[in-house]
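For reference, the structure is listed below as structure tokens.
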Amino acid sequence: MDDKLKVKIETSDKQMLIESKKGQNLLEILRENHIDIEAPCNGNGTCSKCRVYVRTNEDRNKSVLACQTRVEEDMELILNCDSSKVLYRGLGSSNNKVLSDNLSIALDIGTTGIEMVLVDSKSGEEILKISETNPQKNYGLDVLSRISYCKENPKGLKNLNRLIVSKINEMVGAFGEDICSRISLIVVAANCTMSHILMCESVDGLGRYPFTPEFKDTVLTKATSLGIDNLKNADLVLMPQVSAYVGGDIVSGLYSIGPIDVRKRYLFIDIGTNGEIALIDKGNIVTCSCAAGPALEGMNISNGMRAEDGAIEDVVVDKKNKSDSNIEIKSIGSQEIRGICGSGILALVRELVRNGYVNKRGKLAKKEELEEDDPLIDHFESVGSEKRFYLDKDKDIYINQADIRAVQLAKGAIYSSLMMILKRQGLGVEDIDQLLIAGQFGYHLPKESLVGLGIIDKEYEDKITYLGNSSKNGALKFIRVYYDKNKDTGKASTKYRKNILDKASSDKLIDMIDELDRLASSIDYFELANEERFDRAFAKAMTF
Numbered sequence: 001m002d003d004k005l006k007v008k009i010e011t012s013d014k015q016m017l018i019e020s021k022k023g024q025n026l027l028e029i030l031r032e033n034h035i036d037i038e039a040p041c042n043g044n045g046t047c048s049k050c051r052v053y054v055r056t057n058e059d060r061n062k063s064v065l066a067c068q069t070r071v072e073e074d075m076e077l078i079l080n081c082d083s084s085k086v087l088y089r090g091l092g093s094s095n096n097k098v099l100s101d102n103l104s105i106a107l108d109i110g111t112t113g114i115e116m117v118l119v120d121s122k123s124g125e126e127i128l129k130i131s132e133t134n135p136q137k138n139y140g141l142d143v144l145s146r147i148s149y150c151k152e153n154p155k156g157l158k159n160l161n162r163l164i165v166s167k168i169n170e171m172v173g174a175f176g177e178d179i180c181s182r183i184s185l186i187v188v189a190a191n192c193t194m195s196h197i198l199m200c201e202s203v204d205g206l207g208r209y210p211f212t213p214e215f216k217d218t219v220l221t222k223a224t225s226l227g228i229d230n231l232k233n234a235d236l237v238l239m240p241q242v243s244a245y246v247g248g249d250i251v252s253g254l255y256s257i258g259p260i261d262v263r264k265r266y267l268f269i270d271i272g273t274n275g276e277i278a279l280i281d282k283g284n285i286v287t288c289s290c291a292a293g294p295a296l297e298g299m300n301i302s303n304g305m306r307a308e309d310g311a312i313e314d315v316v317v318d319k320k321n322k323s324d325s326n327i328e329i330k331s332i333g334s335q336e337i338r339g340i341c342g343s344g345i346l347a348l349v350r351e352l353v354r355n356g357y358v359n360k361r362g363k364l365a366k367k368e369e370l371e372e373d374d375p376l377i378d379h380f381e382s383v384g385s386e387k388r389f390y391l392d393k394d395k396d397i398y399i400n401q402a403d404i405r406a407v408q409l410a411k412g413a414i415y416s417s418l419m420m421i422l423k424r425q426g427l428g429v430e431d432i433d434q435l436l437i438a439g440q441f442g443y444h445l446p447k448e449s450l451v452g453l454g455i456i457d458k459e460y461e462d463k464i465t466y467l468g469n470s471s472k473n474g475a476l477k478f479i480r481v482y483y484d485k486n487k488d489t490g491k492a493s494t495k496y497r498k499n500i501l502d503k504a505s506s507d508k509l510i511d512m513i514d515e516l517d518r519l520a521s522s523i524d525y526f527e528l529a530n531e532e533r534f535d536r537a538f539a540k541a542m543t544f
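Counting in the UniProt record's numbering, the sequence shown runs from 1 upward without gaps.
Next up, the structure:
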């Protein structure tokens, strides 16, 4: 008996008809056919992001979770997704510039997003920037989910490697063949897991004690050796790692801010799904990492989304306002609201706490607990046992108790980490001269949210410096310094390490790589979980 079934898949940008085995998982089918659908819980059925509409002989437009559904008969799937969404292009167009014969690329590979900058090697000018989502997001929004996917699936590592290499080729290919032929150097900064996946090195050791990377030193190779075939003439430098959870993105960020005043103390925070913290104590660097979770980047939230047009990025709630509107909402691009990004989630929780609708323990008020004349009473509803605060009922945009808990966990992770790293060095908040906030997401977090929710102490408020994407900035700095030192030729080395162990002959490039490796090896990393009373500090830090 033939057990092959037909599955028609319809998305916003294409249709396809495929065959499936009876009983095969829908999410597995979509992944095998490279259909872009979010599944940040990696198919555990907890995030509800892989919801699709199914049509069969019995059901019309039935809503199901792809990860929890198996094909038992011919069916049609309807997905609302676009498989090739570009988040941002900026810095002008390469078409209206006279380009140098020698170009470079600075590339930041994040867990959530990828940012690429095309650089004129001789002048150091940024020509074009492209930001896109990391296609690996469909296999989990954090590194642990992706490590688990690789461990549980024999072809998992190769699949994730294929996704990131294909995406890099696609982004580079958008420049055109002529420009690609002029690119002689690409410098990549990424966390340890993303770096291992790019190199197609096993990530098993990153997910179990003692959390040992397969490699830590800077990698120098040809871009084509990693499958980046659109860069046939380019050498590739991959930033070094410190540990399984303090990677090349942090090394690159720290490299970007040097040289520093060795008489001062700095706290460096990269706020994202994987929060990394570094204390620069008069030249010595101590680091730790914390699982802030994806909530701060708008993920795993009821109406969460990335920072795109239409995402709510700021909210002001004023229940004392006597006008018709007690809520002011700001969306990215001033577009019609579609969801809430990370900065918007923090702003909304901040305002609910400030106005007394969320207590110090993070409990969201019920509608029946409010006074009848409370101006915001109509924004509160209970759906079954779920408490919700609506920003827009017509668009079904709300925040619920679980979302607030996710923000609490992120807040607790970051604040307790800051406290523990200071305690370990015998320092207090008053001893820090400057707080450096890194990361593309951190750049968009106002002081009001950071201080208002207690993510950082109020004493830091006047010491904050926003660095933006310091990981990318470190890659840019490497390019500019290298070509400044190499002005006599204006070209990158044509000799390279074929693998991690080989030697290269370019003294200037190797000197700079050695400098990166010395920086990485000088960084002291410690595990928060091994610190005495960390659990108690974390629990205390979760209160608003």
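The beta carbon of each residue, even a glycine, is placed where N, CA and C say it ideally should be.
Please name the residue, chosen from the options, that lies closest to residue i on a Cα-to-Cα basis.
i       : options                               : result
Ala-292 : Ile-285, Gly-275 and Glu-308          : Gly-275
Ile-271 : Asp-396, Pro-446 and Gln-24           : Pro-446
Gly-384 : Gln-401, Ala-438, Glu-201 and Lys-122 : Gln-401
Ile-312 : Leu-427, Ile-183 and Leu-391          : Leu-391
Leu-163 : Leu-185, Leu-296 and Ile-114          : Ile-114
Met-194 : Ser-181, Pro-259, Asp-511 and Lys-216 : Lys-216
Lys-155 : Ser-449, Leu-27, Cys-200 and Asn-191  : Cys-200
Ser-417 : Leu-528, Phe-478 and Asp-378          : Leu-528
Glu-125 : Glu-297, Ile-479, Glu-532 and Lys-540 : Ile-479
Thr-287 : Thr-69, Asp-261, Ala-541 and Tyr-525  : Tyr-525
Leu-519 : Ile-285, Arg-31 and Ala-106           : Ile-285
Leu-141 : Val-317, Asp-462 and Gly-298          : Gly-298
Lys-477 : Ala-365, Val-358, Ala-106 and Arg-338 : Ala-106
Mapping DSSP to helix, strand and coil, what is residue i?
i       : result
Asn-161 : helix
Gly-442 : helix
Leu-370 : coil
Cys-341 : coil
Asn-95  : Residue placement at Asn-95 is poorly supported in this model, since its pLDDT is 45, which falls under 50; the coordinates still yield a value, given next. If DSSP states are grouped into helix, strand and coil, Asn-95 belongs with the helices.
Gly-156 : helix
Arg-518 : helix
Arg-51  : strand
Asn-191 : coil
Ile-127 : strand
Ala-244 : coil
Leu-427 : coil
Thr-471 : Checking the sequence, you will find Ser at residue 471 rather than Thr. Ser-471: helix per DSSP, three-state reduction.
Val-64  : strand
Phe-478 : helix
Phe-380 : strand
Val-143 : helix
Gly-452 : helix
Tyr-525 : strand
So, is residue i buried or exposed, given that buried needs 16 or more other C-beta atoms within 10 angstroms?
i           : result
Pro-294     : buried
Lys-167     : buried
Thr-212     : exposed
Met-16      : exposed
residue 549 : The structure shown does not extend to residue 549, since the chain is modelled only from 1 through 544, so no value can be given for it.
Gln-408     : buried
Glu-351     : buried
Gln-136     : buried
Ser-63      : exposed
Pro-375     : buried
His-444     : buried
Lys-49      : buried
Lys-411     : buried
Asp-123     : Per the sequence presented here, residue 123 reads as Ser, with Asp not at that position. The residue in question, Ser-123, is exposed, as its Cβ has fewer than 16 Cβ neighbours within 10 Å.
Asn-33      : exposed
Going by DSSP, which residues form a beta bridge with residue i?
i       : result
Lys-4   : Lys-21
Ser-252 : In the DSSP output, where bridge partners are listed per residue, Ser-252 has none listed.
Ile-277 : Ile-269 and Cys-288
Met-75  : Val-7
Gln-15  : Glu-10
Tyr-390 : Tyr-398
Asp-235 : Leu-185 and Lys-222
Ala-311 : Gly-339
Lys-330 : Asp-314
Met-116 : Leu-107 and Ile-130
Thr-465 : Leu-436
Val-358 : Leu-364
*Is it a yes or a no for the segment 31-45 touching the segment 141-152, going by three-plus beta-carbon pairs under 8 Å?*
Yes, the segment 31-45 touches the segment 141-152.
*asked:* Pairs of beta-carbons, one from the segment 168-180 and one from the segment 115-134, closer than 8 Å: are there three or more?
replied: The segment 168-180 vs the segment 115-134: in contact.
*Decide if the segment 225-236 is in contact with the segment 246-254; the criterion is three or more beta carbon pairs, one per stretch, under 8 Å apart.*
Contact fails between the segment 225-236 and the segment 246-254, because fewer than three Cβ pairs, one in each stretch, are under 8 Å apart.
*Is there contact between the segment 465-476 and the segment 251-269, where contact requires at least three CB pairs shorter than 8 Å?*
Because the criterion of three Cβ pairs below 8 Å is met, the segment 465-476 and the segment 251-269 touch.
*Do three or more CB pairs link the segment 411-425 to the segment 452-471 at distances below 8 Å?*
For the pair of segments examined, the segment 411-425 was found to touch the segment 452-471: the number of CB pairs separated by less than 8 Å reaches three.
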